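Working notes for the structure below.
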Amino acid sequence: VVCNKRLIGLDPGLRKTGWGIVDCDGVSVTYVGCGVVSPPSNDEMSDRLAFLHGGLARIIEEWQPDSAAIEETFVNKNASSTLKLGQARGVVMLTPALAGLAVAEYHNRVVKLSVVGTGRAAKQQIHLMVRHLLPGANPQTEDEADALAIAICHAHHSIAKIQRPHLGANI
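Numbering (this note's numbering), first residue to last: 1137 to 1307.
Here it is, written out as structure tokens:
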């Protein structure tokens, strides 16, 4: 039994939402593409969220992933920032769900452990490992690198669930 899926990792943000796509073929994970959706910062909140939805919907339509993954939200000390991130995150979760994709969620420590081998990895370590694990990937922003890390984590958990279904990975 092997994992044969195209997976999209999503790193939600209101200024920039990163996306990264990988193919999971057998036990190997290969880079497909990455980018960011950046709503105009001076638009009204509803327009920014609509822009985010439209951009992600076009990416999903173009790249045709089989499932999606997103990092669980951390709670910021600034309640207003956390609320705004939550609104963007809702759109980022809803868009693939509306396209019929299952959406998995992973804690940031799980993503770091899956990509680097430690749950306390620094951003720079994650980005170096993303480039190492995905030859050809050259993410230009932290958002793209984080989205690819989430996609790698999702691929690893998809493979683990297929090989050992008793583990109960969330896909």
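All C-beta atoms in this analysis are idealised placements derived from N, C-alpha and C, irrespective of residue type, glycine included.
Only a predicted model underlies this, so the values are computations on that prediction, with no experimental measurement involved.
To the nearest angstrom, report how far apart N1244 and T1254 are at their CA atoms.
11 Å
Please list, in chain order, all residues of the same chain as H1292 whose beta carbon is under 7 Å from its beta carbon, the five residues on each side excluded.
S1250
Thinking just about the alpha-carbon of each residue, which of G1156, D1161, G1154, P1175 is nearest to the one in N1140?
D1161
Could you tell me if G1149 is buried or exposed, where buried requires 16 or more neighbouring beta carbons within 10 angstroms of its beta carbon?
buried
Across the stretch 1255–1271 and the stretch 1203–1220, are there enough close Cβ pairs to call them in contact, namely three or more that are closer than 8 Å?
no
Coil, strand or helix - K1141 by DSSP
strand
Closest residue to K1152 among H1189, V1211, A1233, V1239 (Cα-Cα distance)
H1189
Would you give the residue range spanned by the alpha helix (DSSP H) that D1183 belongs to?
1181–1199
Does the contact criterion of 3 or more C-beta pairs under 8 Å hold for the stretch 1224–1238 versus the stretch 1263–1279?
no
Helix, strand or coil: which one does DSSP assign to G1272?
coil
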